[in-house]
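First the structure, in the form of structure tokens, and then the observations on it.
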Amino acid sequence: MHVQGQNRDQGTLFPERLDDLIAEDNAVRVIDAFVDSLDLKALSFARIETKGTGRPPYHPGDLLKLYLYGYMYRIRSCRRLERECHKNIEVLWLLNRLAPDFKTIANFRVDNRKALLNVCAAFVQFCRSQSLYGGDTVAIDGSKFAADNAPSRVLRKKDLAKELKRLDAKIAAWLDDLDDDDEDEPPGGDNTKAALEALEAERDSLTEQIQSLDAKRLAVQPATDPDARVMKHHKIGYNVQTSVDAKHHLIVDVDVVQSPVDQDQLYRMARRSQRQLREKQLRVLADAGYSSGRHLRRCQAHGLTPYVPVNRSINNRGDGRLFDKSAFTYDADGDYFKCPAGERLPKKTKSTKDRLYLYTTAACTGCQLKEQCTQGKQRWVSRHFEEDVLNQVAARTDANPLMMRRRKAMVEHPFGTLKRRMDGGRFLLRGLQKVKAEMALAVTAYNLTRAINVLGTKRLVQALAT
Ligand code: SF4
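Residue 502 is where the sequence shown starts when you use my numbering, and the numbers rise one by one after that.
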């Protein structure tokens with residue numbers, strides 16, 4: 502005999518309460534307590550006040566609970582959330598059996614973009630009040646998330662220009678035909694005129710699209726989600742930046758940017774994390790993609806101590822047989838380099854684009870070591886605008902190899918979880934502001950799970966209720 506279930510037709514003496522079906526340590530109790538603890542009006546949610554007339558709206562708190570539940574359990578689409586409202590006991594409990602339709606659910610996420618970012622920050626502040634953040638070390642990292650845009654649906658400037666050229670030739674040919682015709686009316690009459698006007702309208706639209714790409718300095722723009730960008734390996738998406746605290750790997754801050762590279766994100770993300778954690782001093786760990794002299798300098802000036810492997814350009818001319826830059830000693834007082842032949846190389850010029858000062862000497866022309874030194878007319882040695890800061894950060898990072906291992910362990914867990922919950926890292930919404938709201942929901946759900954794992958449901962619910 503197998504294990505037997507209860508008879509479906511079996512009646513009960515006392516009807517079961519929905520609350521009896523939700524265990525004391527169920528995560529929905531935390532979602533419920535967290536949303537109930539929020540001042541939704543202060544967080545800028547729409548439709549807090551109801552009008553005296555018309556159909557009453559759903560309370561934003563109920564819809565927020567539904568979304569947090571969905572992002573925690575990989576149910577992100579509004580149609581799927583609508584279905585869960587009818588059949589999922591946890592959702593029935595969480596929403597007091599409310600069952601909004603998918604349109605209402607979808608509109609809520611779009612209408613409350615800013616408020617959802619505020620909710621994410623509010624949970625960070627709650628976790629901070631519970632000492633869940635260490636507040637001394639954060640790791641910053643970026644990861645690419647796919648946009649809701651098929652790879653083939655892109656506008657390419659070169660294709661548009663080709664199409665424009667083809668249209669110009671076609672219009673010119675039509676006009677030539679009209680000129681050749683001696684009659685007052687063109688052959689085909691109004692039809693010809695209308696066709697010409699349609700071609701000209703198409704040309705204007707193409708010109709506008711090219712001008713728009715030029716204004717954004719883009720060669721390729723996604724057509725379905727124009728805010729998305731072409732990332733590495735031709736993938737279309739966004740660059741998600743997070744900072745993660747060392748203590749329990751809770752996310753401190755998140756942002757979504759269009760730039761495919763991380764190089765310009767370090768200072769901004771570090772400062773935002775510093776403000777969220779309300780700390781004056783913070784150690785910041787990041788990979789070599791964040792190596793930027795300007796950012797490192799600004800971090801150091803604001804109480805942030807970066808641990809970042811510094812990227813250096815390597816002079817690989819002469820198959821490595823030429824003197825390495827380390828053979829040249831820099832004199833800070835005189836601002837010159839001394840070369841292996843004992844000559845001084847004073848500062849000659851600079852490259853603002855590469856942020857480098859360049860040093861050289863005319864003595865190279867008659868130098869006996871020239872063959873070992875340069876293949877050009879004279880040897881040039883460069884010094885970065887922020888050379889001192891780069892040296893400091895490189896020395897600090899090299900002296901603490903454990904920091905880089907720690908960084909990896911800190912950032913991998915959150916991104917792994919976020920991507921798993923978001924179907925391998927795919928946004929459902931389109932547009933930068935909307936994907937930011939989507940990511941805020943995902944991060945709040947991630948932090949809720951982490952906080953439950955660390956404190957436990959009961960303690961968390963108690964803390965949220967006080
Ligand atoms: S080639 Fe120029 S830089 Fe090189 S060792 Fe000779 S003088 Fe110095």
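Think of the CB as a built atom: it goes at the ideal place given N, C-alpha and C, for glycine as much as any other residue.
If you're wondering where the values come from, they're calculated on a predicted model, not measured in any experiment.
Asked, Found
"Where ASP834 falls: helix, strand or coil (DSSP)", "coil"
"Quiz: which residues have CB nearer than 7 Å to the ligand SF4 non-hydrogen atoms", "PHE824, CYS840, PRO841, ALA842, GLU844, LEU846, THR862, ALA864, CYS865, CYS868, LEU870, LYS871, CYS874, THR875, GLN879, ARG880"
"Status (buried if at least 16 other CB within 10 Å, exposed otherwise) for GLN869", "exposed"
"Nonlocal neighbours in the same chain, by C-beta distance under 6 Å from TYR831, ignoring five residues either side", "PHE838"
"Straight-line gap, ALA910 to ALA864 (C-alpha atoms, nearest Å)", "52 Å"
"Neighbourhood of ALA943 by C-beta distance below 7 Å, restricted to the same chain and skipping five residues each side", "TYR572, LEU919, ARG922, MET923"
"Per-residue burial, ASP526 [other beta carbons within 10 Å of its own, 16 or more giving buried]", "exposed"
"Nearest residue (CA-CA) to LYS849, options THR861, ASP855, GLY843, PRO841", "THR861"
"Best match in VAL731, ASP521, SER744 for proximity to MET760 [C-alpha to C-alpha]", "Here residue 760 turns out to be Ser, not Met, going by the sequence shown. Closest by alpha carbon: VAL731."
"Assumed close pair CYS621, VAL755 - CB separation to whole angstroms, cut-off 8 Å", "7 Å"
"Spatial distance of TYR570 from ILE532 (CA atoms)", "7 Å"
"Whole-Å CB distance - LYS736 paired with LYS658, under 8 Å assumed", "That pair is no contact at about 19 Å."
"Rounded C-alpha distance that separates ARG580 from VAL962", "29 Å"
"Assumed close pair GLN742, ILE641 - CB separation to whole angstroms, cut-off 8 Å", "7 Å"
"Counterpart residues of HIS885 in DSSP-defined beta bridges", "LEU857"
"Those runs of the alpha helix (DSSP H) which lie wholly inside the stretch 707 to 777 and span at least 4 residues", "none"
"From ALA607, CYS586, GLU780, residue whose alpha carbon lies closest to that of LYS935", "ALA607"
"Three CB pairs or more closer than 8 Å across the stretch 773 to 782 and the stretch 617 to 632", "yes"
"Cβ of GLU664 within 8 Å of any chain C Cβ", "Here there is only one protein chain, and chain C is not present."
"MET940 classed as buried or exposed, judged by whether at least 16 other C-beta atoms fall within 10 angstroms", "buried"
"Closest Cα partner of ASN892 within the set LEU661, VAL809, PRO723", "VAL809"
"Under 8 Å between C-beta atoms of ASP510 and GLY635", "no"
"Assigned exposure category for THR958 - 16 Cβ within 10 Å defines buried", "buried"
"Whole-angstrom C-beta distance between LEU751 and ARG951, which should lie under 8 Å", "5 Å"
"Chain-order list of residues whose beta-carbon lies under 7 Å from that of ALA534 (same chain, five-residue window excluded)", "VAL962, LEU965, ALA966"
"For LYS781, the three-state DSSP class (helix, strand or coil)", "coil"
"Span of the beta strand (DSSP E) around ARG657", "655 to 657"
"Residues sharing a beta bridge with ILE672, DSSP", "The partner list for ILE672 (beta bridge, DSSP) is empty, contrary to what the question assumes."
"Opening and closing residue of the alpha helix (DSSP H) in which TYR570 lies", "561 to 573"
"Cα-Cα separation, ALA673 to LEU665", "12 Å"
"C-alpha distance - GLU709 paired with HIS885, whole-angstrom precision", "41 Å"
"Burial state of PRO902, where buried means 16 or more other Cβ atoms lie within 10 Å", "exposed"
"Nearest-angstrom Cα separation, counted from PRO727 out to ALA648", "10 Å"
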